[in-house]
Structures are given as C-alpha cells and as structure tokens.
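Colleague:
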Amino acid sequence: MTITGIVRRVDDLGRVVIPKEIRRANKIKEGDPLEIIHTTEGILLKKYTEHNYCVFCNTSTEIELDGISVCTHCISRLGKLMKEEK
C-alpha cells in the first residue's frame with residue numbers, strides 16, 4: 001500500500017473524488033464499477049471484476065480474507081515474512 005498524503009472531503013451525498021493520477025495509475029475510467037470493502041484497517045476501493053484477483057500479484061484466486069482476495073502463493077510468502085519478523 002502506498003500512502004499518498006492526499007486528503008479529500010466527503011460531500012453531502014457521501015461522494016469522494018478520487019484524484020486523476022490515482023485513477024490513471026489504477027486504470028479506473030469514468031463509469032467503471034468499484035467495489036467498496038470494509039476491512040479492519042478501514043475502507044478499500046477496488047475496481048470490480050467478476051473474478052477475484054490477488055491484491056498483491058493480481059493472479060486469479062478463490063480465496064478472500066476480510067473481503068480482500070489473496071492467492072495461496074502470496075499467503076505462503078506472507079507466512080514466511082511473519083516468521084522472519086519474530
């Protein structure tokens with residue numbers, strides 16, 4: 001996750017403007033559906049697709065953890081990283 005330092009206010013209809021540079025970097029065009037996911041960290045906006053893709057490596061996956069898709073390969077890598085930090 002990249003922290004941009006960009007702050008936007010929510011308008012009276014609950015809308016938030018996603019900056020153009022972020023939309024461009026994530027290939028989000030006007031009219032694209034976005035999935036709104038509530039996580040323990042906050043709110044995650046994700047370009048909606050009929051198939052779930054790993055949030056880390058973008059491979060197709062069936063596994064979801066708190067509304068976030070993660071493939072088995074990345075779960076394994078995360079487990080190894082967690083063991084190394086102990």
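The numbering of the sequence shown is full-length UniProt numbering, which starts it at 1 and goes up by one.
Cβ coordinates follow ideal geometry from the N, Cα and C atoms, glycine included.
Could you have a look at residue 13 and say whether DSSP puts it in helix, strand or coil?
Modeller: It is coil, neither helix nor strand.
Colleague: For residue 36, which of helix, strand or coil comes out of DSSP?
Modeller: strand
Colleague: Output needed for residue 19: all residues of its chain with C-beta closer than 6 Å, excluding positions within five of it in sequence on either side, in chain order.
Modeller: 6
Colleague: Would you kindly check if the distance between the Cβ of residue 69 and the Cβ of residue 52 is under 8 Å?
Modeller: yes
Colleague: Could you tell me which of 55, 81 and 83 sits nearest to residue 26, measuring between CA atoms?
Modeller: 55
Colleague: Identify, in the order they occur along the chain, each residue of the same chain with its Cβ nearer than 8 Å to the Cβ of residue 41, setting aside the five sequence neighbours on each side.
Modeller: In its chain, beyond the 5 residues on either side, no residue has a beta carbon closer than 8 Å to the beta carbon of residue 41.
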